[in-house]
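Below you'll find the structure, written out as structure tokens, and then a few comments.
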Amino acid sequence: MQSEPLPWNYVSIILPYIRRTDSLLDMGTGGGELLSLLQPLPKHTCATEAYAPNVPIAKKRLEPLGVHIFKIEEEKETLPFRENTFELVINRHEFYDPLEVWRILEPSGHFITQQVGEQNDLAINKLLGNNSPINDQPWNAAYASRELEEQGFHVLSKMEAFPRTRFYDVGALVFYLKAIPWTVEDFTVESYNDVLLQIHKDILANGFVEVREQRFLLLTKIPD
Numbered sequence: 030m031q032s033e034p035l036p037w038n039y040v041s042i043i044l045p046y047i048r049r050t051d052s053l054l055d056m057g058t059g060g061g062e063l064l065s066l067l068q069p070l071p072k073h074t075c076a077t078e079a080y081a082p083n084v085p086i087a088k089k090r091l092e093p094l095g096v097h098i099f100k101i102e103e104e105k106e107t108l109p110f111r112e113n114t115f116e117l118v119i120n121r122h123e124f125y126d127p128l129e130v131w132r133i134l135e136p137s138g139h140f141i142t143q144q145v146g147e148q149n150d151l152a153i154n155k156l157l158g159n160n161s162p163i164n165d166q167p168w169n170a171a172y173a174s175r176e177l178e179e180q181g182f183h184v185l186s187k188m189e190a191f192p193r194t195r196f197y198d199v200g201a202l203v204f205y206l207k208a209i210p211w212t213v214e215d216f217t218v219e220s221y222n223d224v225l226l227q228i229h230k231d232i233l234a235n236g237f238v239e240v241r242e243q244r245f246l247l248l249t250k251i252p253d
């Protein structure tokens, strides 16, 4: 498996803002792998995580660094922070509610997010013979930026890309689908055996199968 790099670097974008802020929230920190690499962190740094198995991992990795970890139960749950708590909120591939982000950010605060677009999983699903729409609403740079602007944010930068991913053997595709089970929710090797066999033949004939991903990044600010 080989993925084409994005035309931007998430870390390179967020790091200058982290270096000049005193309060930071990382939404959807996972196991804290990325955040732990961004030291030194601001004096007041918090992180949220919705996937229960990741929470103890994040605590073990981040609490020694002074980071406060908060388990979020539901996507649209009110975040456990007071108004105007953070100068900077970062978010990589995590759900967010524009109203909640607005509420917890200080005036002049920044919100930076990289998201997975609604077309991301279409190609793989089509490859497997699933042609039904996965999402019933758009989720892309234009839609998300308009949503944030309606909340009052200033969108300082907006980027979107459709990088190619190539699978050079069917085993790599199976591993990918098992590692990210929400891509094809009903996937099992047994139920997709005939399709996987055809993909295997296509790879033998052409050297690979190719799909397109979708990513977008928004750099936004609350007005002074």
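Just so we're aligned, residue 30 is where the sequence shown starts under the numbering used here, counting upward by one. For every residue, glycine included, the Cβ atom is placed at its ideal position computed from N, Cα and C.
Nearest to V96 by alpha-carbon distance, out of P85, T194 and E102, is P85. Under the three-state reduction of DSSP output, F191 falls in the coil class, being neither helix nor strand. Out of T194, E239, H139 and Y221, the CA that lies nearest to the CA of N159 is found in Y221. The alpha-carbon separation between L156 and Q148 amounts to approximately 13 Å. When the beta-carbon positions are compared, L117 and K187 stay at least 8 Å from each other. By the 16-neighbour rule on beta-carbons within 10 angstroms, A87 is buried. Rounded to whole angstroms, G60 and A208 show a C-alpha spacing of 15 Å. Scanning the stretch 111-136 from its first residue to its last, the whole alpha helix (DSSP H) runs of 4-plus residues come out as 127-133.
Closest in C-alpha terms to W211, from the list A171, A201 and L151, comes L151. Of the residues E123, Q144, D198 and L128, the one whose Cα lies closest to the Cα of Q243 is Q144. Per DSSP, reduced to three states, the secondary structure at Q227 is helical. The three-state reading of DSSP puts L108 in coil, since its state is none of H, G, I, E or B.
The shortest CA-to-CA distance from Y125 to any of P136, L67 and L108 is the one to L108. Leaving aside the five residues that flank F115 on each side, the residues in its chain whose CB is nearer than 7 Å to its CB run, in chain order, S52, L53, L54, I133, L134, E135 and G138.
Contact check between the stretch 163-178 and the stretch 230-237: fewer than three CB pairs, one atom from each, fall below 8 Å, which does not count as touching.
In the structure shown, the three-state DSSP call for G138 is strand.
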